[in-house]
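Residue numbers (the numbering used here): 1246 to 1386. Beta carbons: idealized from backbone N, C-alpha and C, even for Gly.
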């Protein structure tokens, strides 16, 4: 098995291709994890949401993590974005990004858009060695 660090550009590309990412929010001593459908644009991570505990958490502490991963038979990857989240309220900014936003996997009305500006991006690619299929074990006598 080999593990390689991914470049920031490749990490963000993979995160943006994931069907579901996870938003990690910490308020006081409570950590919550929410599934989101992330769009990567201009190096930032965007997602749609609805009013509720996720937005309340972001208002209390804008420092967040966004994580996505994929596990395959031979190749797997994981990406973590640390950054600052803010609700996009500027109408012109919303109109500019609206066409590129992915639809939320959960469906339903998600009228709030959040932008996470990364402070760090890390990604790892794990490749598994092929399984040895011709191994013969000695049977005990």
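query	result
To which residues of the same chain is residue 1266 closer than 8 Å at the C-beta, ignoring the five residues directly before and after it?	1260, 1280, 1281, 1282, 1283, 1290, 1292, 1311, 1312, 1313
To the nearest angstrom, how far is the alpha carbon of residue 1275 from that of residue 1326?	20 Å
Give the C-beta separation of residue 1330 and residue 1366 to the nearest angstrom, bearing in mind that I take them to be a contact with Cβ-Cβ under 8 Å.	15 Å between Cβ atoms; not a contact.
Give me the Cα-Cα distance between residue 1287 and residue 1309, rounded to the nearest whole angstrom.	18 Å
Would you decide whether residue 1294 is buried or exposed? Buried here means 16 or more other CB atoms lie within 10 Å of its CB.	buried
Whole-angstrom Cβ separation of residue 1357 and residue 1306, contact assumed at under 8 Å?	About 17 Å; that fails the 8 Å criterion.
If you follow the beta strand (DSSP E) that residue 1333 is part of, which residue opens it and which one closes it?	1320 to 1333
Can you give the Cα-Cα distance for residue 1372 and residue 1361, rounded to whole angstroms?	29 Å
Could you check where the alpha helix (DSSP H) with residue 1337 kicks off and where it finishes?	1336 to 1342
Is it buried or exposed for residue 1324, if we count other Cβ within 10 angstroms and need 16 for buried?	buried
Taking DSSP's pairing of strands, which residues face residue 1282 in a bridge?	Partner(s): none; residue 1282 has no beta bridge.
Could you pull the start and end residues of the beta strand (DSSP E) that residue 1310 belongs to?	1308 to 1316
So, is residue 1256 buried or exposed, given that buried needs 16 or more other C-beta atoms within 10 angstroms?	buried
Determine whether the beta carbon atoms of residue 1369 and residue 1268 lie at a separation below 8 Å.	no
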